[in-house]
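Mind the numbering: the sequence shown is residues -25 to -1, 1 to 85 in mature numbering (1 follows the signal peptide of the UniProt record, and there is no 0), read in order.
Below: the structure, in structure tokens.
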Amino acid sequence: MRSTRIAVTAALVGALTLPVVSASAAPAQVPASMTDPSCTQGSWVVGTKAVTIRSKASATSTAVGVLYRDHKFTVHKTSGKWRYITDRTTGVKGWVSAKYVYRTAGMCLD
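As structure tokens, then:
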């Protein structure tokens, strides 16, 4: 009886350990579509009704305009939590908070 109990315990431990050992033996492969440079990122959007365009990348700097959700704009660069943009609807250039101007989620399919 005792030898049967030991054999069952050994088999159970072996069955539970095998997936852990075999799972860590081979490194995970990243699908090619995840690293494909031809995949484009999502487009830039204004995630609120409007966001203030500022002269510097600071919430206390002078407001130079307002970027509305329906305006067309170009993001030139990012600095910390700020994006330097050109509002193509009005021609105003300046900084907007990255909290409100961000990319939509992109997806690449094979």
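All residues carry an ideal CB built from backbone N, CA and C; glycine is no exception.
Computed from a predicted model, the values in this text were never measured in an experiment.
Burial state of residue i, where buried means 16 or more other Cβ atoms lie within 10 Å
i	result
R58	buried
V20	exposed
G40	buried
Short Cβ contact (8 Å threshold) for residue i with residue j
i	j	result
G69	R29	yes
S36	R78	no
Boundaries of the beta strand (DSSP E) in which residue i is found, first to last residue
i	result
H51	48 to 54
V71	68 to 72
T65	Careful: T65 lies outside any beta strand (DSSP E) and carries neither H nor E.
Cβ separation of residue i and residue j, assumed to be a contact under 8 Å, to the nearest whole Å
i	j	result
T64	H51	The pair is not a contact, with the Cβ atoms about 16 Å apart (cut-off 8 Å).
T53	I60	Rounded, the Cβ-Cβ distance is 10 Å, inconsistent with contact.
K56	A80	K56 to A80, Cβ: 19 Å. No contact.
Secondary structure of residue i, DSSP reduced to three states
i	result
A32	coil
G81	coil
Y43	strand
Y59	strand
T27	strand
Short CB-CB distance (under 8 Å) between residue i and chain C
i	result
F48	Included in the structure is just one protein chain, with no chain C present.
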